[in-house]
Amino acid sequence: MDLLVRASRYPEWDPGVLFATRLAGQLRSGLTALHIVQGGIPPVWDYDAGLLLAEYAAAIDEQIGLARSAGPMFEAFAESSGAVFPQWLVAQGHVGDALRYAGNWHDLLVLARDDEDPWATPAALASIALHVDVPCLVVPPGRQELQLECIAIAWNGSIEAIRALHGALPLLRRARRIVLLMGRRHPGLPPVPAPEFALEAWCRRHDFAVEFELLEGDVDDGRLIHEAARAAYADLLVMGAYGRSRFAERVLGGVTRYMLQQTDLPLLMRH
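Just so we're aligned: 253 in full-length UniProt numbering is position 253 of the sequence shown, and the numbers increase by one with no gaps anywhere.
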């Protein structure tokens with residue numbers, strides 16, 4: 001399994017990097033930390049356009065060079081924590097685009113929630129999760145490591161829920177308990193295409209002893225899902241879009257908004 005994490009700063013590692021490094025050691029997996037140098041073109045006036053652009057390019061190059069110099073330090077730190085072949089990468093540009101590109105050769109993207117970081121707020125994390133094509137593990141503030149005693153899965157039969165379930169497979173194999181929180185299929189979802197995904201057969205194929213719990217109430221009720229996961233003593237909650245359209249999720253509607261803003265549980269999400 002190959003993990004990817006955005007490194008927002010160095011040489012003092014941010015909570016996401018520390019969490020991902022511990023997880024890579026726990027899973028004996030690969031780990032890539034990606035630092036993204038951001039920058040926009042400053043206002044340019046005709047009389048000094050050449051000078052300003054040259055100074056801007058030089059400043060960006062300096063930031064990239066400094067960021068690359070942190071590579072050996074990160075790789076030594078991650079390797080000492082048990083990560084396999086850790087790698088430090090530096091990119092320049094839009095954070096979402098860089099993570100989406102790097103996600104193509106990784107299995108899981110670790111994202112730490114941090115209201116002080118504009119790219120780690122609930123709204124930003126929702127945008128990233130929709131933008132990348134890789135499962136995202138969203139870590140709430142204060143979480144330093146991932147326990148895998150019990151994993152809860154929010155299930156409503158949607159394609160997003162299936163994708164989240166499949167993305168969580170390496171972690172599910174390590175869990176001692178798996179609790180499936182069964183919600184009613186949302187009436188706004190399209191009909192199930194053939195062939196239908198056989199959930200119980202999938203669980204038997206992977207030798208998972210799953211506990212099924214039927215949720216009573218609105219399938220879009222984030223509080224209900226959160227309380228059910230906490231009642232099961234879950235260490236991780238796996239979920240897809242769970243009954244919201246992609247457009248609604250882009251403006252943080254429904255259960256995704258509640259979970260990203262309120263829960264203290266790590267979330268594995270895929271849209």
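Glycine included, each C-beta is placed from N, C-alpha and C at the ideal position. Just so it is clear, the structure is predicted and the values come from calculations on it, not from any experiment.
Original post:
Name the DSSP bridge partner or partners of Cys-203?
Top reply: Reading the sequence shown from its first residue, position 203 is the one you call residue 203. Among the bridge pairs identified by DSSP, Cys-203 is matched with none.
Original post:
Would you report the Cα separation of Pro-170 and Asp-107, rounded to the nearest angstrom?
Top reply: Translated into the one-based positions of the sequence shown, residue 170 becomes position 170. Translated into the one-based positions of the sequence shown, residue 107 becomes position 107. Answer to the nearest angstrom: the Cα atoms are 10 Å apart.
Subject >> Those residues which DSSP pairs with His-131 across a bridge >> reply: Working through the sequence shown from its first residue, we reach residue 131 at position 131. Residue pairing for His-131: DSSP places it in no beta bridge.
Original post:
Is Gln-92 helix, strand or coil when you go by DSSP?
Top reply: Start at 1 with the first residue of the sequence shown, and residue 92 comes out as number 92. In the structure shown, Gln-92 falls within a strand segment according to DSSP collapsed to helix, strand and coil.
Original post:
Taking the DSSP output, what are the residues bridged to Gln-2?
Top reply: Here residue 2 corresponds to residue number 2 of the sequence shown, with the count starting at 1. According to the sequence provided, residue 2 is Asp. The question's Gln does not apply to it. Asp-2 is bridged to Gly-30.
Original post:
Shortest alpha-carbon distance to Leu-32 belongs to which of Ile-60, Ala-59, Leu-99?
Top reply: Position 32 of the sequence shown, counting from 1, holds the residue named residue 32. The question names Leu, but residue 32 is Thr in the sequence shown. Comparing Cα positions, the closest option is Leu-99.
Original post:
What runs of the beta strand (DSSP E), each 3 residues or longer, lie entirely inside the region 133-164?
Top reply: Listed in chain order, they are 136-139, 150-155.
Subject >> Exposure label - His-94; buried when at least 16 CB within 10 Å >> reply: To locate residue 94, count along the sequence shown from 1; it is residue 94. An exposed status is given to His-94, since fewer than 16 other beta-carbon atoms sit within 10 Å of its beta-carbon.
Subject >> Backbone CA spacing between Ala-232 and Val-139 [nearest angstrom] >> reply: One-based indexing of the sequence shown puts residue 232 at position 232. One-based indexing of the sequence shown puts residue 139 at position 139. So the alpha carbons of these two residues sit roughly 19 Å apart.
Original post:
Does the Cβ-Cβ distance between Leu-111 and Leu-125 come in under 8 Å?
Top reply: To locate residue 111, count along the sequence shown from 1; it is residue 111. To locate residue 125, count along the sequence shown from 1; it is residue 125. Yes, they are a contact pair.
**OP:** Locate the beta strand (DSSP E) running through Phe-212, then write down its first and last residues.
**Re:** Taking the sequence shown and counting its residues from 1, one reaches residue 212 at position 212. Per DSSP, the continuous beta strand (DSSP E) segment holding Phe-212 begins and ends at 210-214.
Original post:
Quick one: Cα of Leu-148 to Cα of Ala-175, how far?
Top reply: Counting from one through the sequence shown, the residue named residue 148 turns up at place 148. Counting from one through the sequence shown, the residue named residue 175 turns up at place 175. It is roughly 5 Å from the alpha-carbon of Leu-148 to the alpha-carbon of Ala-175.
Original post:
What beta strand (DSSP E) runs, 3 residues minimum, are completely inside the region 62-131?
Top reply: Listed in chain order, they are 84-92, 108-112.
Original post:
Would you call the region 22-29 and the region 75-89 in contact, with 3 or more CB pairs under 8 Å?
Top reply: The answer is yes - the region 75-89 touches the region 22-29, with three or more Cβ pairs under 8 Å.
Subject >> Residues bridged to Met-239 (per DSSP) >> reply: For the purposes of this step, residue 239 is identified with residue 239 of the sequence shown, where counting begins at 1. Per DSSP, the beta bridge partners of Met-239 are Met-269.
Subject >> Simplified DSSP state of Arg-176, which is helix, strand or coil >> reply: Translated into the one-based positions of the sequence shown, residue 176 becomes position 176. Here Arg-176 sits in coil by DSSP.
Subject >> Unbroken alpha helix (DSSP H) run spanning Thr-256, endpoints >> reply: Within the sequence shown, the letter at position 256 stands for residue 256. Segment 254-262, the alpha helix (DSSP H) holding Thr-256.
Subject >> Cβ-based burial, Trp-105 [other Cβ within 10 Å; buried from 16] >> reply: For the purposes of this step, residue 105 is taken as residue 105 along the sequence shown, with counting starting at 1. Counting Cβ neighbours within 10 Å, Trp-105 comes out exposed, since fewer than 16 surround it.
Subject >> Bridge-paired residues (DSSP) for His-35 >> reply: As a position in the sequence shown, residue 35 is number 35, starting the count at 1. DSSP lists Val-90 as partners of His-35.
**OP:** Spell out the partners DSSP gives Leu-224 in its beta bridges.
**Re:** Position 224 of the sequence shown holds residue 224. The bridge partners DSSP lists for Leu-224 come to none.
Subject >> Simplified DSSP state of Tyr-10, which is helix, strand or coil >> reply: Indexing the sequence shown from 1 puts residue 10 at position 10. Secondary structure at Tyr-10: coil, using DSSP grouped into helix, strand and coil.
**OP:** Flag this pair as yes or no: are the beta carbons of Ala-154 and Met-239 separated by less than 8 Å?
**Re:** Stepping through the sequence shown from its first residue, residue 154 is reached at position 154. Stepping through the sequence shown from its first residue, residue 239 is reached at position 239. Contact flag set, yes.
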